[in-house]
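All remarks here apply to the structure that follows.
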Amino acid sequence: MKRLFLVLIPLALLAGCLEVDQHPHWVKGQYAGKKDDLPFQTHFHRDRLSWWGTISNRNQHQNEYNRANP
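In our numbering, the protein residues as written are 12 to 81.
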């Protein structure tokens, strides 16, 4: 039991040594990575009104008050 404990102590201490730095790269105070496109830019050819219409239409169909017949 004591031998197992002596083996596990160095492994526990070295477990955090392999952590990779996760901060973005900055060049001259600005982010140097690729800009992410918004959903309307990729799927709707930069037509924001069409994207908003699709989102509002989808939200209307998820509303139980509109779907149920009273």
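Don't be surprised by glycine CBs; every beta carbon is placed ideally from N, CA and C.
Paired residues, beta bridge with residue i - DSSP
| i | result |
| --- | --- |
| Q71 | Paired residues: none, contrary to the question. |
| V18 | DSSP output for V18 lists no bridge partner at all. |
| W62 | DSSP lists no partner for W62. |
Whole-angstrom C-beta distance between residue j and residue i, which should lie under 8 Å
| i | j | result |
| --- | --- | --- |
| W37 | F51 | No, W37 and F51 are not in contact; Cβ-Cβ is about 28 Å, not under 8 Å. |
Close-in-space but distant-in-sequence residues of the same chain around residue i (CB under 8 Å, 5 per side omitted)
| i | result |
| --- | --- |
| Y42 | P35 and H36 |
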